[in-house]
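**Q** The number in this note's numbering is simply the position in the sequence shown, starting from 1, with 3 added.
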Amino acid sequence: MITTAKTRTNTAALEVTLTPTQIRGLKLAKDGDLYPQEGGKWTHFDAAVTYAKTDRFKERPIKVKSLTTATLEELTDRGLLQALNLEVASEQSARGITMAGKMWLLKHK
4 MITTAKTRTN TAALEVTLTP TQIRGLKLAK DGDLYPQEGG KWTHFDAAVT YAKTDRFKER
64 PIKVKSLTTA TLEELTDRGL LQALNLEVAS EQSARGITMA GKMWLLKHK
């Protein structure tokens, strides 16, 4: 007996048009879960300034990429991001990318 699993993605989320800021935020979430920081920003856990190792002349700092709360909420409302811990308030819960978000990135960028 052969069984097949049918998975449904949020097709409405795949047909959404995103701004460049939202696309950068979605790509940031693809790299890892986003955690709240001070000043209404969201970034990876323990993110720090790093230095480019490929620079021939001097090491240049690469700043920490972050996302604003407004952009994060827009992506969450569209089903591209989800709260990881439902037991705490949604403003303080880490966010991760959903399968619909991953599919959107594969389809568009």
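Ideal Cβ placement from N, Cα and C applies to all residues, glycine included.
Just how far apart, CA to CA, sit K33 and A92?
**A** For K33 and A92, the distance between alpha carbons rounds to 22 Å.
**Q** Among the candidates T72, E94, E41, whose CA atom is the shortest distance from the CA of G28?
**A** Of the candidates T72, E94, E41, the one whose C-alpha sits nearest the C-alpha of G28 is T72.
**Q** Since A86 sits in a beta bridge, which residues does DSSP pair it with?
**A** R98.
**Q** When DSSP labels each residue in this structure, what does K44 get in the three-state scheme?
**A** Correct three-state label for K44: strand.
**Q** Inspect the CB distances between the stretch 33 to 47 and the stretch 84 to 102 and report whether three or more fall short of 8 Å.
**A** With the cut-off at 8 Å, the stretch 33 to 47 and the stretch 84 to 102 touch.
**Q** Can you tell me which of the three DSSP states T74 falls into?
**A** Residue state, collapsed to three classes: helix.
**Q** On the DSSP letters alone, give me the boundaries of the alpha helix (DSSP H) that R27 sits inside.
**A** Run containing R27: 23 to 34, per the alpha helix (DSSP H) assignment.
**Q** To the nearest angstrom, how far is it from the Cα of M102 to the Cα of L84?
**A** Between M102 and L84, the C-alpha separation is close to 9 Å.
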